[in-house]
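Engineer: For reference, the structure I am asking about is given below.
Residue numbers (my numbering): 101 to 520.
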């Protein structure tokens, strides 16, 4: 075997030295922890300076919150929100929420030891934000008395790359163990056997799983929205048309739609003790944002209203009732983009409820035996019709009088009649 050249020997010696140095460094410098911020608390959340409230929260008017809250507020129902962190901060609109939180494992991304809680807080405010009569801005969540279990499984409000699914799967199992009624997931991920199995466990436990369809337009299926048994939620604009970003496509099964374009929610407000929070700031941080992420909690909240009013309904029956009472798409349901249409919580709460489905029939789509809801009364149209009918009757009456008077007038040659 020929002797190695001098350059080769030098390279081997250098490699050996580097290997030894690397081994020593590994002993001296501990490896980065696999699960950072295991002791996460909401106080670790990054906060925002308050700002002036935007214009009217149009989604509240569109879904008739004032009418709905006279009937149900979600009391006694628990929704698991699987999202980023959630922080009530010093916002009066968030302070009264029945909120518990949990943390999942997973590598955390934090900036200056502050955790991203923007997305999760926004979602929770849409579900359970509190009405504060003493404040100028009229705001409320769709189900303000619901119980929220906020499970932190996502890391960023606007991730540049897909979030890991491991923490989300673990969060689903935590929600099942906690025996929640509804799971709200505003995340669009990939299809994996583990993810599918976790959703199947939740559905089998009788939990209603509500998930965002995604913001990819005509990109086709996303998960968990497209798993069997999950309510896939699309988003609409203030003009009741699909937002162009709302995801749909071949193989995508949209259940219902809800307002999601330019809706008003809240981000974590800085605490008064925060040196970066100027004195005299308002009580909340409002923001306008768009996404199926924000249509999803509105559907989850509407489901909570139904579960409060009809506690004996199963998750499947609640889902079906939201579908059959939705405002149908112009071209009829099911629609590729809007599914069964835009949720109508008031109609869902007030429409007649039919007898239970026959044994075993609820597994068949469309057999939940909920009768079609009555059409909302359009008083303006009714009043117009009555006015037209009244005018027509008056014209007919006058014409009859004239017709009866004509022969007598001709006979008198149109001289005035005499009164004896």
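Backbone N, C-alpha and C define an ideal beta-carbon position, used for all residues, glycine too.
Only counting the same chain, and skipping five residues up and downstream in sequence, which positions put a Cβ closer than 6 Å to that of residue 403?
Structural biologist: Taking the chain shown and counting its residues from 1, one reaches residue 403 at position 303. Same-chain partners within the cutoff: 282, 308 and 418.
Engineer: Which runs of the beta strand (DSSP E) at least 3 residues long sit entirely within the region 154-196? Give them in chain order.
Structural biologist: Counting only runs of 3 or more, we get 178-183.
Engineer: My output table needs one value for residue 413: the three-state DSSP class, helix, strand or coil.
Structural biologist: Reading the chain shown from its first residue, position 313 is the one you call residue 413. Coil.
Engineer: Among 437, 154, 405 and 425, which residue has its Cα nearest to the Cα of residue 94?
Structural biologist: Only positions 101 to 520 of the chain appear in the structure, and residue 94 is not among them; the question remains open.
Engineer: Say whether the region 268-281 touches the region 428-445, bearing in mind that this needs 3 or more beta-carbon pairs closer than 8 Å, one atom from each stretch.
Structural biologist: Flag = no, the region 268-281 and the region 428-445 do not touch.
Engineer: For the region 236-284, list the beta strand (DSSP E) runs that are entirely contained and at least 3 residues long, ordered along the chain.
Structural biologist: As far as the region 236-284 is concerned, its whole beta strand (DSSP E) runs of at least 3 residues are 247-252.
Engineer: Cα separation between residue 182 and residue 273?
Structural biologist: By 1-based counting over the chain shown, the position of residue 182 is 82. By 1-based counting over the chain shown, the position of residue 273 is 173. Answer to the nearest angstrom: the Cα atoms are 11 Å apart.
Engineer: List the DSSP bridge partners of residue 146.
Structural biologist: As a working mapping, residue 146 is identified with position 46 in the chain shown. Bridge partners of residue 146: none, in fact.
Engineer: Grab me the residues of residue 221's own chain with a C-beta within less than 7 Å of its C-beta, minus the 5 sequence neighbours each way, in chain order.
Structural biologist: Start at 1 with the first residue of the chain shown, and residue 221 comes out as number 121. The answer, listed in chain order, is 186, 187, 366, 367 and 368.
Engineer: Hey, residue 344 and residue 164 are a contact pair by Cβ (cut 8 Å); roughly how many whole angstroms apart?
Structural biologist: Here residue 344 refers to the residue found at position 244 when the chain shown is read from its first residue. Here residue 164 refers to the residue found at position 64 when the chain shown is read from its first residue. 26 Å between Cβ atoms; not a contact.
Engineer: Could you name the residues of the same chain whose beta carbon sits closer than 7 Å to that of residue 407, not counting the 5 residues immediately before and after it, in chain order?
Structural biologist: Here residue 407 refers to the residue found at position 307 of the chain shown. Closer than 7 Å at the Cβ level, and outside the excluded window around residue 407, lie 177, 281, 413 and 418.
Engineer: Taking 8 Å as the threshold (C-beta atoms), are residue 287 and residue 263 in contact?
Structural biologist: Against the chain shown, residue 263 aligns to sequence position 163. Against the chain shown, residue 287 aligns to sequence position 187. In contact: residue 263 and residue 287 (Cβ atoms closer than 8 Å).
Engineer: Note the first and the last residue of the continuous beta strand (DSSP E) segment covering residue 445.
Structural biologist: Residue mapping note: residue 445 aligns to position 345 of the chain shown, counting from 1. It is not in any beta strand (DSSP E) - residue 445 instead sits in the alpha helix (DSSP H) that spans 445-450.
Engineer: Would you mind sorting residue 328 into buried or exposed? The rule is 16 or more other CB atoms within 10 Å of its CB.
Structural biologist: Translated into the one-based positions of the chain shown, residue 328 becomes position 228. Per the 10 Å Cβ criterion, exposed.
Engineer: Whole angstroms is fine: what's the gap from residue 252's alpha carbon to residue 331's?
Structural biologist: Position 152 of the chain shown holds residue 252. Position 231 of the chain shown holds residue 331. Residue 252 and residue 331: Cα-Cα distance of roughly 21 Å.
Engineer: Go ahead and pull the three-state DSSP assignment for residue 431.
Structural biologist: Your numbering for residue 431 matches position 331 in the chain shown. DSSP places residue 431 in coil when its eight states are reduced to three.
Engineer: Mind pulling the alpha helix (DSSP H) runs of 4 or more residues that sit fully within the region 305-385?
Structural biologist: Taking only runs of at least 4 residues, no alpha helix (DSSP H) segment lies wholly in the region 305-385.
Engineer: Measuring CB atoms only, is the region 148-157 touching the region 192-206, in the sense that at least three cross pairs come out at less than 8 Å?
Structural biologist: Touching, no, given that fewer than three Cβ pairs across the two stretches are closer than 8 Å.
Engineer: What number of angstroms, rounded off, separates the C-alpha of residue 258 from the C-alpha of residue 425?
Structural biologist: To locate residue 258, count along the chain shown from 1; it is residue 158. To locate residue 425, count along the chain shown from 1; it is residue 325. Going by the C-alpha atoms only, they are around 33 Å apart.
Engineer: Taking DSSP as the reference, what is the three-state secondary structure of residue 557?
Structural biologist: Look at the range of the chain in this structure, 101 to 520, and you will see that residue 557 is not part of it.
Engineer: Need the endpoints of the beta strand (DSSP E) that residue 226 sits in, please.
Structural biologist: Along the chain shown, one-based indexing puts residue 226 at 126. Unbroken run through residue 226 is the alpha helix (DSSP H), 218-228; no beta strand (DSSP E).
Engineer: Do the CB positions of residue 341 and residue 422 come within less than 8 Å of each other?
Structural biologist: Reading the chain shown from its first residue, position 241 is the one you call residue 341. Reading the chain shown from its first residue, position 322 is the one you call residue 422. The answer is no: Cβ separation not under 8 Å.
Engineer: Just list the residues that DSSP pairs residue 203 with in beta bridges.
Structural biologist: For the purposes of this step, residue 203 is taken as the residue at position 103 of the chain shown. DSSP, once it has assigned bridges, lists 252 as partnering residue 203.
Engineer: According to DSSP, is residue 401 helix, strand or coil?
Structural biologist: Numbered from 1 along the chain shown, position 301 holds the residue referred to as residue 401. Helix.
Engineer: Applying the 10 Å Cβ sphere with the 16-neighbour rule, what's the burial state of residue 388?
Structural biologist: On the chain shown, residue 388 is found 288 positions in, with the first residue counted as 1. Answer is exposed; the Cβ neighbour count stays below 16.
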